[in-house]
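For reference, the structure discussed in these notes is given below.
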Amino acid sequence: MADPKIYMPRFGGYDPVRIARGISAPGYPQLWVIVQDRLYLFYTADARTAFLADPATAIASSFLIGAGSVSMLPSDVKLAYCKSAYTLFMMKLQDLKTKGERVAYALDAAGLTPAAAAKQLKCSREAIQQWISGKTKNFRNELLFSFADLTHFEARWIATGKGPVRAAPKPVDEDEQTLALTFRSLDERGRATVLAIAQREASYQVKTRPALRSANSK
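With positions in the sequence shown counted from 1, the corresponding number in our numbering is that position plus 2.
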């Protein structure tokens, strides 16, 4: 094999499109593509289509979630990044001077309307619109953090424009990752078998023995 890394999924087999949104989602082995001699897996066919529309943007944005700055990108990714439309995207981020602009941007990136966000946050649509218009100067902490969780943007960035725009996805245990990828490669019968075994194992009640008394105890 001339170059084994070509066949090793980048991002540990996780969907780069989801990573760019701050979400950890293992890709399916059946949904793959090779770009610049690297293999990428995807959680959905739509994600793969979105990736192929602008691979340089998708790869750079996925790395930036963890790297935090362009200077920390791998050399090949940095080169593609500088030649892609993603540079314009980052310039737009720098131009977001007000809370309202950042709220509107976060909603757009998350694919949410003010009404949809308000429904999930259990607040009024007018409240979200007032954030966007700038009529509301100070956000309640509870609502701000809920909005940040909903859109996968950092609360500090939304409120002040400072700090990381998005947090890096939480690391996933390697065994869990291997199990997820293996499960997705199985047929219907195989998946049913694995589920049955896992459910049986989870149902076991582990009984701990009472602590043995030491030889010196009376």
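Ideal Cβ placement from N, Cα and C applies to all residues, glycine included.
Original post:
So does the stretch 142-155 actually touch the stretch 104-114, counting three or more Cβ pairs closer than 8 Å?
Top reply: Inter-segment contact for the stretch 142-155 and the stretch 104-114 is present: three or more beta-carbon pairs are separated by less than 8 Å.
Subject >> residue 123 and residue 148 closer than 7 Å at C-beta >> reply: Closer than 7 Å, so yes.
Original post:
Can you name, in chain order, every residue of its own chain whose Cβ lies under 7 Å from the Cβ of residue 23, other than the five neighbours on each side?
Top reply: 154.
Original post:
From residue 182 to residue 126, what does the alpha carbon distance come to, in whole angstroms?
Top reply: Here the C-alpha atom of residue 182 lies approximately 39 Å from the C-alpha atom of residue 126.
**OP:** Out of 178, 176, 143, state which residue places its alpha-carbon closest to the alpha-carbon of residue 161.
**Re:** With distances taken between Cα atoms, residue 161 lies closest to 143.
Subject >> Beta-carbon contacts of residue 164 that lie in its chain and below 8 Å, excluding the five residues immediately before and after >> reply: These residues qualify, in order along the chain: 158.
Original post:
To the nearest angstrom, how far is it from the Cα of residue 60 to the Cα of residue 53?
Top reply: One C-alpha to the other measures close to 6 Å.
**OP:** Excluding the 5 residues preceding and the 5 following residue 132 in the sequence, name in chain order all residues of the same chain whose CB lies nearer than 7 Å to its CB.
**Re:** Hits under 7 Å: 138.
Original post:
Considering only residues of the stretch 112-194, which uninterrupted alpha helix (DSSP H) runs meet the minimum length of 4 residues and lie entirely inside it, listed in chain order?
Top reply: Every alpha helix (DSSP H) of 4 residues or more that sits fully in the stretch 112-194 is shown, in chain order, as 116-123, 127-135, 143-153, 157-162, 176-187.
**OP:** Look at the alpha carbon of residue 136 and the alpha carbon of residue 105, and state the distance between them as a whole number of angstroms.
**Re:** Here the C-alpha atom of residue 136 lies approximately 10 Å from the C-alpha atom of residue 105.
Original post:
How is residue 104 classed by DSSP in three states: helix, strand or coil?
Top reply: Residue 104 falls in the helix class under three-state DSSP.
Subject >> Selected residue, minimal CA-CA separation from residue 34, among 167, 100, 16, 134 >> reply: Residue 16 is the option with its Cα nearest to residue 34.
Subject >> alpha helix (DSSP H) segment containing residue 18, residue limits >> reply: It spans 18-22 - the alpha helix (DSSP H) in which residue 18 sits, taken as one unbroken run.
Original post:
At which residues does the alpha helix (DSSP H) containing residue 12 begin and terminate?
Top reply: That residue, residue 12, is in no alpha helix (DSSP H); it is neither H nor E in DSSP.
Original post:
So, using beta-carbon positions, are residue 12 and residue 42 closer together than 7 Å?
Top reply: Pairing residue 12 with residue 42 gives a Cβ-Cβ distance under 7 Å.
Subject >> Coil, strand or helix - residue 38 by DSSP >> reply: Three-state DSSP puts residue 38 in coil, outside helix and strand.
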